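Residue numbers for the sequence shown, in the numbering used here: 94 to 458.
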Amino acid sequence: RASREGRPARYPKIDFCEFPQGVCSSDETYGGELQWMIGLFEWADRIQTYDKDGWNFIEKLKEFCDGGYTDFAFVDAVSGILNIGCHDPPCQGFSNSAVEPHNKRERNDTFQRFLNEFKVARNFPPPPPPTPLPSPAPTYEPTEAEPTTAAPTSIGQPTEIPTSSSRPTSIQGRPPAEAVTNIENALKSSRSRFEKFLLKSEYPTGAWPSYLYTWRGFLQALRKMTTGVGPGEKNWFFIGDGESPNSLQLGLINLASFVAHGVTQAIKYDSCDENNYEMVDFRYPISNACGQNGRSYQDDMCTGGDEGEGYECEVDSSMEMYGVTHARWIGAPPPLYCGDKSTGYWDHFKGLEINDPPFANLAGR
94 RASREGRPAR YPKIDFCEFP QGVCSSDETY GGELQWMIGL FEWADRIQTY DKDGWNFIEK
154 LKEFCDGGYT DFAFVDAVSG ILNIGCHDPP CQGFSNSAVE PHNKRERNDT FQRFLNEFKV
214 ARNFPPPPPP TPLPSPAPTY EPTEAEPTTA APTSIGQPTE IPTSSSRPTS IQGRPPAEAV
274 TNIENALKSS RSRFEKFLLK SEYPTGAWPS YLYTWRGFLQ ALRKMTTGVG PGEKNWFFIG
334 DGESPNSLQL GLINLASFVA HGVTQAIKYD SCDENNYEMV DFRYPISNAC GQNGRSYQDD
394 MCTGGDEGEG YECEVDSSME MYGVTHARWI GAPPPLYCGD KSTGYWDHFK GLEINDPPFA
454 NLAGR
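This is the structure we're talking about:
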């Protein structure tokens, strides 16, 4: 659409309204960057800008960094924003009732693993050297020293205050070149750990390197979301302000939050399409394709002032769309699909789709 209207378009050959499946089945996806770009863009647009009821994402990110990386309630709050649209779960965000985010604990664990593997957390210092064993016997005869009359040494006031990062000033602007260089160097030096611990997917035969999510695709997308090729003049992925003492740490924490969500929701299963995971009476409704976590996808609207409003796709009730990827846990439902028809549920014990009688999801669809 942007290309047709003469606006800059990163993927001018893909009509995401006519062919939304292009996100997960185009040449830009397999071994490419598109699925990473979609995730990074949504994070910059919806998570980094979150500011409701006194909870500001950037301020809380700063507080987590300055507080020594110990208050992991920050991660649970971000899980709530991502998954259910509110920061204090259980809460009522997209849904009409208070709910918990899906896989909150796993997302928190993955976040902490990122901090560990990339040595971000200052509260994980290397252990001190062992204390030497005592001598088996004195090596010198003891001597009697004269008692001292000097006053004990007093401890003066500290000369420096603890490092505290100022609030980032360029959250929506182009990241400074220094911040881009620093984050890329940090990632490149840890590439093997990134691939080993984060870009792994679970299959019935064990854990294998992800087919869809590659190091090359990730780095390409991150560069475009931080150097101006991808997001235009807004929605930059925050990687540090390049000014505060903790600039790099702030960027890595933001990246850890993003990657933790990506691993939990997609990379772990090597899936690009949304997985059918919300159960009703121990069944997976087929109509989850219409929306999970209380959302109705056809009613989602683009916001963001003059630049964002009105860019959502028009609803086409006759459209039929089928996913191509899905999770591979035992009994997992097949790819989601949507169309103008009554549907039932996926029976994960029998491995069958049961459509008679129709079966509604949590939103009543």
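Glycine included, C-beta positions come from ideal geometry on N, C-alpha and C. Nothing here was measured: the structure is a model prediction, and the numbers come from that model.
Using the rule of at least 16 other Cβ atoms within 10 Å of the residue's Cβ for burial, across every protein chain shown, is T203 buried or exposed? buried
What whole-angstrom Cβ distance do L343 and G333 have, given they're in contact under 8 Å? 5 Å
3 or more residues per run - each beta strand (DSSP E) lying fully within the region 275-348: 293-296, 299-302
Which of helix, strand or coil does DSSP assign to Y362? helix
Rounded straight-line distance, which links the Cα of D374 to that of K212: 43 Å
Alpha carbons only, please: which of C117, D392, P302 is nearest the one belonging to L291? P302
Assuming the contact rule is C-beta atoms closer than 8 Å, A456 and S410 should be a hit. Round their C-beta distance to whole Å, please. Not confirmed; about 17 Å, so no contact.
Have a look at the DSSP bridge pairing and note the partners of L445. D440
If you draw a straight line from the alpha carbon of G384 to that of P338, how long is it in whole angstroms? Annotation: G384 to P338 spans about 42 Å, alpha carbon to alpha carbon.
Just reading off the alpha helix (DSSP H) that T203 is part of, what are its end residues? 197-210
Here's the rule I'm using: 16 or more other beta-carbon atoms within 10 Å means buried, otherwise exposed. How should D146 be labelled? When all chains shown are included, D146 counts as exposed.
Going by the DSSP bridge assignment, what does P378 pair with across the sheet? Y438
Compare the beta carbon distance of L272 and L341 with 9 Å and say whether it is the shorter of the two. At residue 272 the sequence reads Ala, which differs from the Leu that was named. Yes, Cβ-Cβ distance for A272 and L341 is below 9 Å.
Leaving out the 5 sequence neighbours to the left and right, which residues in its chain are closer than 6 Å to R376 when beta-carbon positions are compared? Cβ neighbours of R376 beyond the five flanking positions: Y438.
Buried or exposed: where does L445 fall if 16 or more other Cβ atoms within 10 Å of its Cβ makes it buried? exposed
Determine whether the beta carbon atoms of K197 and D169 lie at a separation below 9 Å. Pairing K197 with D169 gives a Cβ-Cβ distance under 9 Å.
Exposure of V192, with buried meaning 16 or more beta-carbon neighbours within 10 Å: buried
Going along the chain, which residues of its own chain have a beta-carbon closer than 6 Å to the beta-carbon of W148, five neighbours each way excluded? H180
Tell me the rounded alpha-carbon separation between W136 and D144. Using only the alpha carbons, I get a separation of about 14 Å.
How many Å lie between G115 and Y370 at the Cα? A straight-line Cα-Cα distance of about 22 Å links G115 and Y370.
If you draw a straight line from the C-alpha of W329 to the C-alpha of I379, how long is it? 35 Å
Is the beta carbon of S172 closer than 9 Å to that of P182? yes
Within the continuous alpha helix (DSSP H) that includes N176, where are the two ends? 166-177
Quick one: give me the first and last residue of the alpha helix (DSSP H) that M130 is part of. Boundaries of the alpha helix (DSSP H) around M130: 127-135.
Environment of G416 [buried if 16+ CB atoms lie within 10 Å]: Buried, because 16 or more other Cβ atoms sit within 10 Å of the Cβ of G416.
Pair within 9 Å by beta-carbon distance, L348 and W129: no
Since C158 is in the alpha helix (DSSP H), which residue starts that stretch and which ends it? 150-159
With burial defined as no fewer than 16 other Cβ atoms inside 10 Å of the residue's Cβ, what is the status of R100: buried or exposed? exposed
Which residue wins for smallest C-alpha separation from F331, given the options I174, A279, E407, I151? For the residues I174, A279, E407, I151, the minimum Cα distance to F331 belongs to I151.
Smallest Cα separation from D363: which of N381, P426, F207, R421? Of all alpha-carbon atoms in N381, P426, F207, R421, the one lying nearest the alpha-carbon of D363 is that of R421.
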